[in-house]
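So the sequences go chain by chain: A and B. For the first sequence, the numbering used here begins at 136 and goes up steadily by one. For the second sequence, the numbering used here begins at 5 and goes up steadily by one. For every residue, glycine included, the Cβ atom is placed at its ideal position computed from N, Cα and C. Predicted model, so just to flag it, every value in this text is computed and none were measured. So the structure is just underneath, and the comments pick up after that.
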Amino acid sequence: MLSREEDGMKKYLNKKILCLAGAVLLLSASGAAGRAMAYFTTYVTASGGASVSLGFTHTVPQEEIVDWTKRIVVENQGDYDCFVRLKVFAGQKYQEGLDISGQGWTKGEGDYYYYKDVVPAGSSVSEQLLVKIDHMESTEDFNVIVVQECTPVLYDENGSPYMDWNVILDSVQDSYH
Amino acid sequence: MKKIRALLRKPVFLLAVSAVLLAASTLGSAQAALTYYSENYSAQMSVSSIGVTLVENGEKVSWRDYEHQGGQWSENSGKLLQHLSGRDGKETVVPGKKYQEKLTVQNSGDIDAYVRVILYRDWQNPQGVRDTALSPGLIDLGLSKGNGWIVDEKASTVERTVLYYQNVLPAGEESPSLCDTLKIHSDIAKKAAETVVEDENGYRTITTRYVYDGYRFQLTAEVDAVQTHNAREAIKSAWGVDVDVAADDTLRLQ
C-alpha cells in the first residue's frame with residue numbers, strides 16, 4: 136500500500152516521462168519532415184524597357200527657281216525616318232501649263248508625287264522634283280503652291296518598310312508668287 | 005489484450021518505444037549518409053549544386069548559382085533590352101519593326117534541372133506611371149514553337165506568359181530559345197491627335213501628335229529551376245503546380 140505522498144510522486148514522474156516521450160516522437164517526426172522538404176531550387180530575374188518612338192519628324196521643302204522651273208528637294212530635319220510626297224497647285228488657267236517630272240518621283244493617289252525611298256532622319260531626298268511653269272505670257276500675278284507631306288515609316292509582319300498616308304506627320308504649304 | 009492495454013498505459017513503455025523509434029530514425033540517416041558517400045566516393049568533387057542563367061541574344065544577363073565552396077550563391081541581376089539603345093543612349097523602338105530578342109536559359113549548375121520562365125509585360129506613361137489602359141498585348145514577343153517550350157495557357161494572362169521547358173535541361177546545357185523577336189504592334193500609332201497652326205501669311209502647318217508617344221514598355225523575365233529527382237513532388241513544392249513526368253522524363257501540365 137503506497138502512501139499518499141508516494142502515490143503523488145509516482146503520478147508526477149509518469150507525467151514527466153509521458154512529456155519526454157511526446158517530445159522525442161515530435162523530434163523524430165520533424166526530422167523526417169525536414170528531409171522531405173529539401174529540394175534543390177533556384178531562380179533569377181531580369182527586366183528592362185524601352186520607349187516607343189512615335190515622335191514628330193519635320194520635313195522642309197528646299198526650292199530653287201531657275202528659268203521658270205522649280206527644283207524641289209525635301210529635307211528630313213526630324214529624328215525619325217519617313218516617306219514624303221508633294222502636290223503642286225496652280226490656278227486653273229495655269230494648271231495645264233505645269234510640267235512636273237523627276238527621277239524617283241511617281242505620280243500616285245490623290246495626284247501627289249511620291250518619293251520612292253525612305254528619307255532617313257537628317258538627310259534629304261536624292262532626286263529633285265522639277266516643276267516647269269508655263270506663264271502663258273500672262274502679266275497677272277499668280278501662285279504655284281507646293282504642298283509637301285511626310286508620314287512615318289511603318290513595318291509589316293516581315294519587318295519590311297511601308298507607308299500609310301492615313302498617318303500624316305507633317306504637312307507644309309509653300310507657294311511661288 | 006488486457007496485457008497490451010496495460011503496457012500502453014505505462015509511460016516507461018512509451019518512452020522505450022520512442023527511444024527505439026528515434027534510434028531507428030538516426031540509424032536510417034546514418035545509413036543514408038554512408039550510402040551517399042560510398043556511392044560518390046570516386047567523384048567527391050561533383051557535389052550537387054543548382055544554378056540557372058538567363059541569356060539574351062547570346063549574352064549572359066542574370067544568374068544565380070550555388071557554390072559549394074563557402075556555401076554561397078553566386079548571383080547577378082542584369083538588365084534586358086540594352087541592345088535597343090540608340091545613338092543618344094536612350095532605348096527606343098519603332099512600332100512594327102521586329103527586333104532580335106532571343107531568350108534562352110542555361111543550366112549553370114552541376115545537376116540536371118527542369119526550368120520555367122515567366123514573362124511580364126506592361127506599359128508606363130512618359131511620367132513613369134503604370135498605364136493599364138494600354139494593352140500589354142501590343143508588346144509582341146515572337147514565342148518559339150515546337151522546340152520544347154510550352155505555354156501554360158491556364159496560368160497566362162495578357163500581362164503574363166508562363167512557359168515550361170518540357171525536357172530535362174542537363175547541367176551545363178542551354179535550352180532552345182523561348183522567343184526570338186520583339187515587336188511593338190503598329191496599332192499603337194493609330195491613335196493620334198491633329199493640330200493646325202496658321203502663320204501670318206496664311207500658310208497652314210498641320211501636325212499630328214501620337215497619343216502614346218514617349219510611352220515606355222517594360223519586359224521582365226523570371227526563370228525558375230528545380231531538381232529532376234522526385235520531380236513531381238519537387239515541382240509541386242517549389243512552383244505549386246501539378247505536373248506529370250512521362251517515362252522519357254518530359255513534363256506534362258495537368
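Compare the C-beta of residue i against all C-beta atoms of chain B and say whether one is closer than 8 Å.
i, result
"A/T180", "yes"
"A/T192", "no"
"A/L289", "yes"
Does residue i get closer than 8 Å to chain A when you measure Cβ to Cβ?
i, result
"B/V249", "no"
"B/Q86", "yes"
"B/A159", "no"
"B/D252", "no"
"B/L167", "no"
"B/T108", "no"
"B/V65", "yes"
"B/A175", "no"
"B/Y118", "no"
"B/S148", "no"
"B/S190", "yes"
Measure the C-alpha to C-alpha separation of residue i and residue j and round it to an integer number of angstroms.
i, j, result
"B/E60", "A/G184", "14 Å"
"B/G62", "B/K158", "30 Å"
"B/V249", "B/R236", "7 Å"
"A/M271", "B/V201", "34 Å"
"A/L235", "A/D276", "Per the sequence presented here, residue 235 of chain A reads as Ile, with Leu not at that position. Those two C-alpha atoms are separated by around 21 Å."
"A/G257", "B/K240", "57 Å"
"B/T211", "A/E284", "10 Å"
"A/Q212", "B/T136", "34 Å"
"B/E105", "B/Q86", "11 Å"
"B/T224", "B/T165", "11 Å"
"B/C183", "A/L233", "55 Å"
"B/D69", "B/E79", "6 Å"
"B/V227", "B/T254", "18 Å"
"A/A225", "A/I280", "6 Å"
"B/V247", "B/V172", "14 Å"
"B/Y216", "B/I154", "32 Å"
"A/G93", "B/Q128", "Lying before the first or after the last residue shown, residue 93 of chain A is absent from chain A, which here runs from 136 to 312."
"A/N293", "B/H189", "12 Å"
"A/P287", "A/S259", "15 Å"
"B/V56", "A/K251", "50 Å"
"B/T96", "A/K267", "42 Å"
"B/W67", "B/S81", "7 Å"
"A/V179", "B/D252", "27 Å"
"A/Q314", "B/G146", "In the structure displayed, chain A extends from 136 to 312; residue 314 of chain A sits before or after that span and is not available."
"B/R134", "B/D144", "18 Å"
For residue i, go through chain A and note every residue whose CB falls closer than 7 Å to its CB, in chain order.
i, result
"B/G152", "What B/G152 touches in chain A: nothing, since even the nearest Cβ is about 19 Å away."
"B/T224", "T180, S182"
"B/G55", "T177"
"B/R68", "T177, Y178, V179"
"B/L58", "V179, A181"
"B/V227", "Y178, V179"
Around the C-beta of residue i, are 16 or more other C-beta atoms found within 10 angstroms, so that it is buried, or is it exposed?
i, result
"A/I200", "exposed"
"B/Q76", "exposed"
"B/Q131", "exposed"
"A/E231", "exposed"
"A/Y297", "exposed"
"B/Y207", "exposed"
"A/W203", "exposed"
"B/R162", "Correcting the residue type first, residue 162 of chain B is Val in the shown sequence and not Arg. It is exposed - the Cβ of B/V162 has fewer than 16 other Cβ atoms within 10 Å."
"B/D116", "buried"
"B/A193", "buried"
"B/D126", "buried"
"B/P174", "exposed"
"B/G176", "exposed"
"A/Q197", "exposed"
"A/T274", "exposed"
"B/R256", "exposed"
"A/T241", "exposed"
Going along chain B in order, which residues have a C-beta closer than 7 Å to the C-beta of residue i?
i, result
"A/Y174", "V230, Q231, A238, S241, A242"
"A/G294", "K101, K102"
"A/T204", "Ordered by position in chain B, no residue passes the 7 Å Cβ test against A/T204, which lies about 22 Å from the chain."
Determine the chain A residues that contact residue i at a beta-carbon separation under 8 Å, and present them in chain order.
i, result
"B/T96", "A185, S186, V187, S188"
"B/K83", "A181, S182, G183"
"B/G218", "S186, V187, L189, G190"
"B/L145", "Here the premise fails: no neighbours, minimum Cβ distance about 13 Å."
"B/S52", "F175"
Residues of chain A with a CB under 9 Å from the CB of residue i: which are they?
i, result
"B/S181", "Chain A residues near B/S181: none, gap ~15 Å exceeds 9 Å."
"B/R193", "Note on residue identity: the sequence assigns Ala, not Arg, to residue 193 of chain B. V187, L189, P287, L289, D299, V302, listed in chain order."
"B/L255", "Within 9 Å Cβ-Cβ: nothing; B/L255 doesn't reach chain A, min ~15 Å."
Contiguous beta strand (DSSP E) assignments of at least 3 residues, all confined to the segment 187-249 of chain B: Entirely contained in the segment 187-249 of chain B, the beta strand (DSSP E) runs reaching 3 residues are, in chain order, 196-202, 208-214, 220-231, 247-249.
What beta strand (DSSP E) runs, 3 residues minimum, are completely inside the segment 66-113 of chain B? Fully enclosed beta strand (DSSP E) runs of no fewer than 3 residues occupy 76-80, 103-110 of the segment 66-113 of chain B, in order along the chain.
Continuous beta strand (DSSP E) assignments of at least 3 residues falling wholly in the segment 255-279 of chain A: Listed in chain order, the complete beta strand (DSSP E) runs (minimum 3 residues) inside the segment 255-279 of chain A are 264-268.
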